[in-house]
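Participant: Let me give you the structure first, and then I'll get to my questions.
In the working numbering, the protein residues as written are 164 to 305.
Dropping the structure here:
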């Protein structure tokens, strides 16, 4: 892993102590990755990775929100991970806080760690973020 990144479950992760919009954060994660490595916002797809990321971000800040690589920017209600795989908010394992995702005022399309779990928020809001790196071919979103 690069300096500042921690290995877990075959990937490298880092919680960044700087605030960016969702797209800015996504760009930082992509740009940080060396050749042959794919960088993206972190994907807490299961309980183990989720708990690891929660501890990682809490070491940086327990009260700040942190972007993760999950959004429904393309189609409202169709949540997609940054690697292009769909997230079924009902069928898949998830850590949504009670009542989330709620698309409050129709403008919340990107997911972050809130207090006890995930929350949807406006993608244009600036929050801290967690990046992950994995060897492989970049998935370019169309």
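Think of the CB as a built atom: it goes at the ideal place given N, C-alpha and C, for glycine as much as any other residue.
Enumerate in chain order the residues of its own chain whose CB-to-CB distance from residue 304 is below 6 Å, with the five nearest sequence positions on each side excluded.
Facilitator: Any answer about residue 304 is weak, because its pLDDT of 47 lies below 50 and its placement is not dependable; what the coordinates show is given next. Counting only Cβ-Cβ distances below 6 Å, and skipping sequence neighbours, we find nothing.
Participant: By DSSP, does residue 232 sit in helix, in strand, or in coil?
Facilitator: Strand.
Participant: Taking the beta carbon of residue 192 as the centre, do at least 16 other beta carbons fall within 10 Å, making it buried, or is it exposed?
Facilitator: So residue 192 counts as buried.
Participant: For residue 216, name the three-state secondary structure that DSSP assigns.
Facilitator: Note: residue 216 maps to helix in three-state DSSP.
Participant: Between the Cα of residue 232 and those of 170, 164, 281, 166, spot the shortest distance and give me the residue it belongs to.
Facilitator: If we check each option's Cα against that of residue 232, 281 comes out closest.
Participant: Quick check: what's the CA-CA separation for residue 393 versus residue 217?
Facilitator: With the chain represented from 164 up to 305, any question about residue 393 goes unanswered, as that position is not in the structure.
Participant: What is the DSSP secondary structure of residue 291, counted as helix, strand or coil?
Facilitator: Correct three-state label for residue 291: strand.
Participant: How big is the Cα-Cα spacing for residue 268 and residue 199?
Facilitator: If I take the Cα positions, the gap works out to 40 Å.
Participant: With residue 293 and residue 210 assumed to form a contact (beta carbons below 8 Å), what rounded beta-carbon distance in angstroms separates them?
Facilitator: Wrong, their Cβ atoms sit about 16 Å apart, outside the cutoff.
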